[in-house]
Amino acid sequence: MKVLLVGAGGQLAQHLIPNFPHLVALTRHQLDLTDRAQVTGALRHHRPDCVINAAAYTAVDLAEEQRDQAFATNADAPAALAQECQKSSTPLVHFSTDYVFPGGGSRPWKETDACSPINQYGASKWAGEEHVRRECEQHLILRVSWLFGAFGQNFVKTILRLAGEREQLRVVSDQQGCPTWCGHLSPVVQGLLESRRWGTYHYCDAPASNWWEFARTVVDQAVELGWPLKAREVIPISTADFPTKALRPTFSVLDCTRLAELGIFQSDWCEGLERTLRELGRP
Ligand SMILES: NC(=O)c1ccc[n+]([C@@H]2O[C@H](COP(=O)([O-])OP(=O)(O)OC[C@H]3O[C@@H](n4cnc5c(N)ncnc54)[C@H](OP(=O)(O)O)[C@@H]3O)[C@@H](O)[C@H]2O)c1
C-alpha cells in the first residue's frame, strides 16, 4: 500500500515514517496544505492508496490570537484534502484531539459523546473533523491525546529542560488525561486501515493521569536512567495558579472501547516514556 504522509515534519509523523514501507512523506515545505493547487497536484502526481494527514496547527495558546491560521490548517486544509481524496476514492486518515471535548465529568469520553470545544484550537480541530466526515466516505478520524516522543516539541521535553535548570517544578494536577507515546500509533493506524472500518475512533495510552503526575514520572524515570537533573521536587498546583490564554478541559480521558472491539488495545505510556528517554540519550 502506497501511503502519502502530509505534515511529515511533525512529531507524530516522524514516528510513523519508519513503520510504513511504501511511504511518500511530504513536509510543509514540500506540500503546504493550505494551498489547494498543491494538494490537488500532490494527489495526482503520487496516486497514493491512502493519505495520512499528520499536519496541524498545534499551538494551543497562540490559537486564541491566531484563530484564522488555526482554522486554515486544522479545518479548511483537511476539507480540501478530504475532497481530493473523495474524487480519487482514496482513504484518508486524519488525526484529531481530546480537546474537541469540553472536559468536566469523570467518565471517559466516547466517540458518540457531543463535542463542544472550549478553546480555538479544539474548535478548529472539530471543524476539521466535520469536514472530513462530510467530504470523504473512506475516512478514519483518530482522536489522540497528550502526545510525546523524542521528536519535536512536547511536554516531556519541556519538563526535562526545566528539570535541568530548576530545583523545583510546579505543575498543574487538576487536569486529567492520557499521555500517549507517538510510537504506539503506527500499529493503531495500520490495524484500522486493514480493518477498513471507516469512522471516528479514540486512541490514547493508559493509564489515565494528570500533568503533575506525568511530570513527576518524567523526572523520576530520567533520574533513574542517570540524567543529571537539578529538580528535587515537583509540586502540584491548580489550573487557577497557572493561567493560560486557552482554557483546557479538566477531564479529557478518551474511552478506547471502540478500538478494543477491533482488537486494537491501549499501550502503557510509561513504557513509551522510557523508550523516549533512551532515544533522547542522557545529556
Ligand atoms: N501534540 C499533541 O499533544 C496532540 C494532542 C492531541 C492531538 N494531536 C493531533 O495529532 C496530530 C499530530 O500532532 P503533532 O503533535 O505531531 O503536531 P506537530 O509536531 O506540531 O506537527 C504538525 C506538523 O504540521 C505541519 N504543518 C502545519 N501547517 C501545515 C500546512 N499548512 N501544510 C503542511 N504541513 C503543515 C507543521 O509544519 P511546521 O513544523 O513547518 O510548522 C508540523 O510539521 C495533529 O492532528 C494534532 O492536532 C496532537
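Heads up: the sequence shown begins at 304 in this note's numbering, then just goes up one per residue.
Just so it is clear, CB atoms sit at the ideal spot from N, CA and C, and this is done for glycine as well.
The model shown is predicted, which means the values in this text are computed figures rather than measured ones.
Secondary structure of residue i, DSSP reduced to three states
i: T376; result: helix
i: L445; result: strand
i: C573; result: helix
i: L557; result: strand
i: R410; result: coil
i: H318; result: helix
i: R331; result: coil
i: V363; result: coil
i: C388; result: helix
i: T579; result: helix
i: L565; result: coil
i: I355; result: strand
i: F404; result: coil
i: F398; result: strand
i: Q341; result: helix
i: F454; result: coil
i: R350; result: coil
Straight-line Cα distance separating residue j from residue i
i: E468; j: D364; result: 24 Å
i: F374; j: Y360; result: 8 Å
i: D523; j: T542; result: 23 Å
i: Q569; j: R446; result: 13 Å
i: V354; j: G455; result: 22 Å
i: L565; j: P490; result: 12 Å
i: S545; j: G344; result: The sequence given here places Phe at residue 545; Ser does not occur at that position. Answer to the nearest angstrom: the Cα atoms are 45 Å apart.
i: I567; j: R500; result: 13 Å
i: I540; j: E516; result: 11 Å
i: Q333; j: S391; result: 21 Å
i: H348; j: A511; result: 43 Å
i: F554; j: R350; result: 41 Å
i: V342; j: L329; result: 11 Å
i: E527; j: L580; result: 11 Å
i: E497; j: L443; result: 11 Å
i: T461; j: T547; result: 16 Å
i: A525; j: G494; result: 32 Å
Sub-8 Å separation of residue i and residue j beta-carbons
i: G431; j: A378; result: yes
i: V556; j: G480; result: yes
i: D477; j: N513; result: yes
i: V403; j: P381; result: no
i: K428; j: D352; result: no
i: A385; j: V309; result: no
i: Y504; j: R561; result: yes
i: L315; j: L488; result: yes
i: G486; j: R585; result: no
i: L472; j: A518; result: yes
i: A549; j: E414; result: no
i: D401; j: P552; result: yes
i: A534; j: E470; result: yes
i: H397; j: N356; result: yes
i: A358; j: T376; result: yes
Same chain only: Cβ atoms within 6 Å of residue i, ignoring 5 sequence neighbours per side
i: S441; result: Correcting the residue type first, residue 441 is Gln in the shown sequence and not Ser. Cβ within range, chain order: P394 and W501.
i: C439; result: A385, C388, Q389 and L395
i: A453; result: T579, E582 and L583
i: L465; result: L472
Neighbourhood of residue i by C-beta distance below 7 Å, restricted to the same chain and skipping five residues each side
i: H325; result: M304, K305 and V306
i: T520; result: C573 and L576
i: P482; result: W449, F451, D508, S512, F517 and W572
i: Y424; result: V363, A366, A373, Y402 and A549
i: D558; result: P411, W412, K413 and H505
Cut-off 8 Å between Cβ atoms - residues of its own chain near residue i, not counting five sequence neighbours on either side
i: R339; result: A383
i: V327; result: K305, V306, L307, L308, H349 and P351
Cutoff 8 Å: residue i Cβ touching any chain C Cβ
i: I540; result: Within the model displayed, chain C is absent; a lone protein chain is all it includes.
Distance cut-off 7 Å: residue i Cβ against heavy atoms of ligand 2
i: A357; result: Ligand 2 is absent from the structure shown, which contains only ligand 1.
Alpha helix (DSSP H) runs contained entirely in the stretch 479-550, provided each spans 4 or more residues: 488-498 and 514-527
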